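Which chain is which? The protein sequence lines are A and B, in order.
Its first residue numbered 1, the first sequence is counted upward by one per residue in full-length UniProt numbering.
Its first residue numbered 1, the second sequence is counted upward by one per residue in full-length UniProt numbering.
Protein chains: 2
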Amino acid sequence: MSVTQEQSAASYAPTERTTPTRAKERAAYDHALVHSILDETYLCHLGFVRDAAPVVLPTLYARVGERLYVHGSSGSRPLRMAGQQDPGLPVCLTVTHVDGLVLARSAFHHSINYRSVVVHGTAHQVTDSEEKRLALDAIVDHVVAGRAADSRAANAKELAATAVLRIDLSEVSAKVRAGGPVDEPEDMDLPHWAGVVPVQRGYGELLPSEDLADGIDVPPYLKGL
Amino acid sequence: MSVTQEQSAASYAPTERTTPTRAKERAAYDHALVHSILDETYLCHLGFVRDAAPVVLPTLYARVGERLYVHGSSGSRPLRMAGQQDPGLPVCLTVTHVDGLVLARSAFHHSINYRSVVVHGTAHQVTDSEEKRLALDAIVDHVVAGRAADSRAANAKELAATAVLRIDLSEVSAKVRAGGPVDEPEDMDLPHWAGVVPVQRGYGELLPSEDLADGIDVPPYLKGL
């Protein structure tokens, strides 16, 4: 494979709807960046159309290669709709990290440092039971790496009560804003503090279940969080 | 006003689309809870329909009473669409806080503690210049309380380059999951750690702009973050 082919294989082709109408310099399409943004969290906002109106629901997801999986109750609306619709349910899946508050001297230039990914595509219900099981493991492991193997696997009844949607990564864009405020030259001497307030995420002290059996230690994958 | 009237005035009336098909006990409609969830952050995911397909974009917002305001470039898609469409652009605006990872003994009962608000409505472009200015101040103050007064206000050119959408809080629901894992009775003795990993948000050390003029102290509203 030539270098050119490798480079081209490592980017999503921009489309009309993944090309921003403004701040085009913030848009990116390379796989590595998109994957890193998707893999850093487990919560997305999934949009779909119902009765001609938009619906946006928070949901858990995981990436496996060039596929995203989201899961939900078999009875929930988007899952039911994707199962009933052929060839699938048009969706837009968006993931956003806020990295900082950007305080400029002017109100107008205030901003947010963020990294986001927007995925346009079609959600299909996963019907293959092996793929479904792998997807559910991936979602659990996406929330806490190593956890799927340290829990009781779903039984047939539980698998039936869970629906999984698959969305291929094809029409995808990332958007990133980083760095400090960009003020107008004539505002530089105004007496307002300017800079960035970093936004941080983390985990608090573990809260074991009150009914946790004696002798169960905190597993290594939780100590490293 | 009677007690009944007061209580009724303090809740959003459920509609077909704000009534969940499952986990109904997690749904809530009272103003106080909805407002507290909306006021705790500044980033929402705004969904709208374009060419019959869903689009979900992260955007800043603020609540002023029973109205939400979102803003963006006058050239951005949803802002342009809302300005062109009469009677406005159907939207779904969703805000989600993740409070904890819920680790159950069984993979199936893994969950997330969260608080979310879903707002269905119609976005209208704000054309009144005074309302627009108040909305922009509210958005800046929603990100950092007290900041709007400590920055150079938008001039006419900047106001023209910014579009603001208004969405009334009317068809609104909150959803909350709290507490520890709920495992099946037969799983209680399995050797898997169970409990909650609290998720925390916070701010890092301030990063002043490199070109910040001498003698500008960190303002009190930032010290309290």
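Ideal Cβ positions, reconstructed from N, Cα and C, are used throughout, including at glycine.
Predicted model only: the values in this text are computed from it and were never measured.
- With fewer than 16 other beta carbons inside 10 angstroms of its own, residue 218 of chain B counts as exposed.
- At a Cβ-Cβ threshold of 8 Å, residue 78 of chain A and residue 57 of chain A count as neighbours.
- DSSP places residue 195 of chain A inside the beta strand (DSSP E), whose first and last residues are 195 to 203.
- Per DSSP, the beta bridge partners of residue 30 of chain A are A/11.
- Collapsing the DSSP output to three states places residue 18 of chain A in a helix.
- Within a 10 Å sphere around the beta-carbon of residue 225 of chain A sit fewer than 16 other beta-carbons, which makes this residue exposed.
- Taking 8 Å as the upper bound for CB-CB distance, residue 107 of chain B and residue 136 of chain A are in contact here, some 6 Å apart.
- Between residue 39 of chain B and residue 168 of chain B, the alpha-carbon positions lie close to 15 Å from each other.
- The three-state secondary structure of residue 139 of chain A, taken from DSSP, is helix.
- Around the beta carbon of residue 123 of chain B, a 10 Å sphere encloses 16 or more other beta carbons of the protein chains shown; the residue is thus reported as buried.
- Taking 8 Å as the CB threshold, residue 188 of chain B lines the interface with chain A.
- Checking the DSSP bridge columns, you'll see residue 111 of chain B partnered with B/102.
- Secondary structure note for residue 58 of chain B: its beta strand (DSSP E) is the uninterrupted segment 53 to 64.
- As the crow flies, the alpha-carbon of residue 41 of chain A is around 15 Å from that of residue 113 of chain B.
- Chain A places a beta carbon closer than 8 Å to that of residue 192 of chain B, counting this residue as a contact.
- The segment 167 to 185 of chain B and the segment 115 to 122 of chain B touch, with no fewer than 3 CB-CB distances between them shorter than 8 Å.
- According to the DSSP assignment, residue 47 of chain B belongs to the beta strand (DSSP E) that extends over 43 to 50.
- When DSSP states are grouped into helix, strand and coil, residue 181 of chain A belongs to the coil group.
- Exposed is the label assigned to residue 19 of chain B, since fewer than 16 other Cβ atoms lie within 10 Å of its Cβ.
- Measuring C-alpha to C-alpha distances from residue 146 of chain B to each of B/61, B/130, B/222 and B/15 identifies B/222 as the nearest.
- Shown here for residue 203 of chain B: same chain residues with a beta carbon closer than 6 Å to its own, the five before and five after excluded, namely 225 in chain order.
- Excluding the 5 residues flanking it on each side, residue 54 of chain B has same chain C-beta neighbours closer than 7 Å at 47, in chain order.
- Those residues of the segment 173 to 184 of chain A placed with their C-beta closer than 7 Å to a C-beta in chain B are 180 and 181, ordered along the chain.
- Between residue 60 of chain A and residue 152 of chain B, the C-beta spacing is not below 8 Å.
- With respect to the C-alpha of residue 188 of chain A, the residue from A/103, A/198, A/37 and A/148 having the closest C-alpha is A/103.
- Taking the CA atoms as reference points, residue 72 of chain B sits about 11 Å from residue 23 of chain A.
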